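**Q** Would you mind keeping the following structure in view while I ask a few things?
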Amino acid sequence: MTTTAPETKTVFAAEHDVPIPYMQRTRDYYRALGFSPYRWAHFVDVPFTPLRTPLTRARVALITTAAPFQPEVGDQGPGAPYNAAAKFYKVYSVPAESMPDLRISHVGYDRLHTSAEDIGTYLPLARLKEAVAAGRIGALGPRLHGAPTNRSQRVTIEIDNPELLRRCREDGVDAAVLVPS
Amino acid sequence: MPRFLFSDFPLGNSAGRPFDVASQAETLELGLQLLERAPAARTTMQSPLRWSADASWKLDYLDLAKLTPEKISERRREFDVVKAVAKTKREAS
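Protein sequence lines, in the order shown, are assigned to chains U and C.
For the first sequence, our numbering gives the first residue as 125, with consecutive numbering after it.
For the second sequence, our numbering gives the first residue as 90, with consecutive numbering after it.
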């Protein structure tokens, strides 16, 4: 699939071997299904705070979009079809000490090429704990926090995000790593 | 977005490759380096990790060319069902 640049021995990557243009593909797909184009939220001004505490002494929060397993709402296992009943609509928090049972059947991951069989692909909690044990990070926050994948941008911006920030402050963390699934 | 690590893996693998601790650890480490060193808002880093030598999996994501008009109508009906389920759940929350 690779090609050679004209008159050279330089090998180019295949033309499609670039980051998937997710926004364009999604826009085209839902337009073909008959929906009006989705308007993504983006901003002229983006806040930025440099990390002021060395990471080796910092306390870090993990924020995930994965959902707590709910036995009563159907298949949420590896490769499960999209399961809207497994969605959640309120910020939740669970202790970071043990490994929570969190799944991603409620979001549109790539079900053709992956299966969400290993929680480590969407929840880096074990890897974060190893980083703490190795002294790379000072500590983890006492809880990890769940961010709802609500289709209402108003609810995300006005309700869920301030609640996540409030909980991070309550936990006294210096930084948050948000891992969407 | 203040800082963003882009992992060019099929969606669902933002924290690394399945059952590959080294891949997951490297992904986290890149994210941590970004947290420490990003000079300004919107700093984006692309992970050098590759999902597979052959990149043809990237062509499959929401590929309309592979769908017949009948299949598109079926997807629309499925999506309407999913939205109704989600709405019921949201209103009950």
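Even glycine gets a Cβ: it sits at the ideal position worked out from N, Cα and C.
Being a predicted model, the structure only gives us computed values, none of them experimental.
State the start and end residues of the unbroken beta strand (DSSP E) segment that holds residue 260 of chain U.
**A** The residue you call residue 260 of chain U lines up with position 136 of the first sequence. Where residue 260 of chain U is concerned, there is no enclosing beta strand (DSSP E), given that its DSSP letter is neither H nor E.
**Q** Have a look at U/156, U/151, U/252 and flag the residue whose alpha-carbon is nearest the alpha-carbon of residue 163 of chain U.
**A** In the first sequence, residue 163 of chain U corresponds to position 39, counting from 1. Of the candidates U/156, U/151, U/252, the one whose C-alpha sits nearest the C-alpha of residue 163 of chain U is U/151.
**Q** When the Cα atoms are used, what is the spatial distance from residue 254 of chain U to residue 117 of chain C?
**A** What you label residue 254 of chain U is simply residue 130 of the first sequence in a count that begins at 1. What you label residue 117 of chain C is simply residue 28 of the second sequence in a count that begins at 1. Distance between the alpha carbons of residue 254 of chain U and residue 117 of chain C: 11 Å.
**Q** Could you tell me which chain U residues have their CB closer than 8 Å to the CB of residue 134 of chain C, listed as they occur along the chain?
**A** Sequence index remark: in the second sequence, residue 134 of chain C carries index 45 (1-based). Those within 8 Å of residue 134 of chain C in chain U number zero; the least Cβ separation is about 12 Å.
**Q** Residue 98 of chain C: which of C/144, C/120, C/128, C/129 sits nearest, CA to CA?
**A** The count along the second sequence starts at 1 and reaches residue 98 of chain C at position 9. Closest option to residue 98 of chain C, Cα to Cα, is C/144.
**Q** Does chain C have any CB closer than 8 Å to the CB of residue 268 of chain U?
**A** If you number the first sequence from 1, residue 268 of chain U lands on position 144. Residue 268 of chain U does not count as touching chain C.
**Q** In chain A, what lies closer than 7 Å to residue 125 of chain C by C-beta?
**A** No chain A appears in this structure, whose protein chains are U and C.
**Q** State the beta-bridge partners of residue 187 of chain U as determined by DSSP.
**A** In the first sequence, counting from the first residue as 1, residue 187 of chain U sits at position 63. U/269, U/302.
**Q** Is there contact between the region 121 to 139 of chain C and the region 211 to 227 of chain U, where contact requires at least three CB pairs shorter than 8 Å?
**A** Contact fails between the region 121 to 139 of chain C and the region 211 to 227 of chain U, because fewer than three Cβ pairs, one in each stretch, are under 8 Å apart.
**Q** How big is the Cα-Cα spacing for residue 223 of chain U and residue 265 of chain U?
**A** The count along the first sequence starts at 1 and reaches residue 223 of chain U at position 99. The count along the first sequence starts at 1 and reaches residue 265 of chain U at position 141. Their Cα atoms are separated by approximately 14 Å.
**Q** Could you say if the region 289 to 297 of chain U and the region 200 to 209 of chain U meet the contact criterion of at least three C-beta pairs nearer than 8 Å?
**A** no
**Q** With DSSP as the reference, label residue 92 of chain C as helix, strand or coil.
**A** For the purposes of this step, residue 92 of chain C is taken as residue 3 along the second sequence, with counting starting at 1. In the displayed model, residue 92 of chain C falls within a strand according to three-state DSSP.
**Q** Using 8 Å as the cut-off, can you tell me whether the region 292 to 304 of chain U makes contact with the region 169 to 186 of chain U, which would need three or more C-beta pairs spanning the two stretches below that distance?
**A** yes
**Q** Which residue marks the beginning of the beta strand (DSSP E) containing residue 132 of chain C, and which one marks its end?
**A** Taking the first residue of the second sequence as 1, we reach residue 132 of chain C at position 43. 132 to 135 is the extent of the beta strand (DSSP E) around residue 132 of chain C.
**Q** According to a CB-to-CB cut-off of less than 9 Å, which residues of the region 91 to 111 of chain C neighbour chain U?
**A** 91, 92, 95, 97, 98, 99, 100, 101, 102, 103, 104, 105, 106, 107, 108, 109, 110
**Q** Give a yes or no on whether the C-beta atoms belonging to residue 238 of chain U and residue 128 of chain C are separated by under 8 Å.
**A** Translated into positions along the first sequence, residue 238 of chain U becomes position 114. Translated into positions along the second sequence, residue 128 of chain C becomes position 39. No, they are not a contact pair.
**Q** Who pairs with residue 136 of chain U in a beta bridge, going by DSSP?
**A** Position 12 of the first sequence, counted from the start, is the residue given in the question as residue 136 of chain U. Note: residue 136 of chain U sits in a beta bridge opposite U/127.
**Q** Pick from U/244, U/267, U/259: whose alpha carbon is nearest that of residue 111 of chain C?
**A** Here residue 111 of chain C refers to the residue found at position 22 when the second sequence is read from its first residue. Selected option, being the one with the closest Cα: U/244.
**Q** State the DSSP-derived secondary structure class of residue 156 of chain C, mapped to helix, strand or coil.
**A** Here residue 156 of chain C refers to the residue found at position 67 of the second sequence. Here residue 156 of chain C sits in coil by DSSP.
**Q** Hey, could you find the ends of the alpha helix (DSSP H) residue 286 of chain U is sitting in?
**A** Here residue 286 of chain U is taken as the residue at index 162 of the first sequence, counted from 1. Residue 286 of chain U -> alpha helix (DSSP H) spans 285 to 294.
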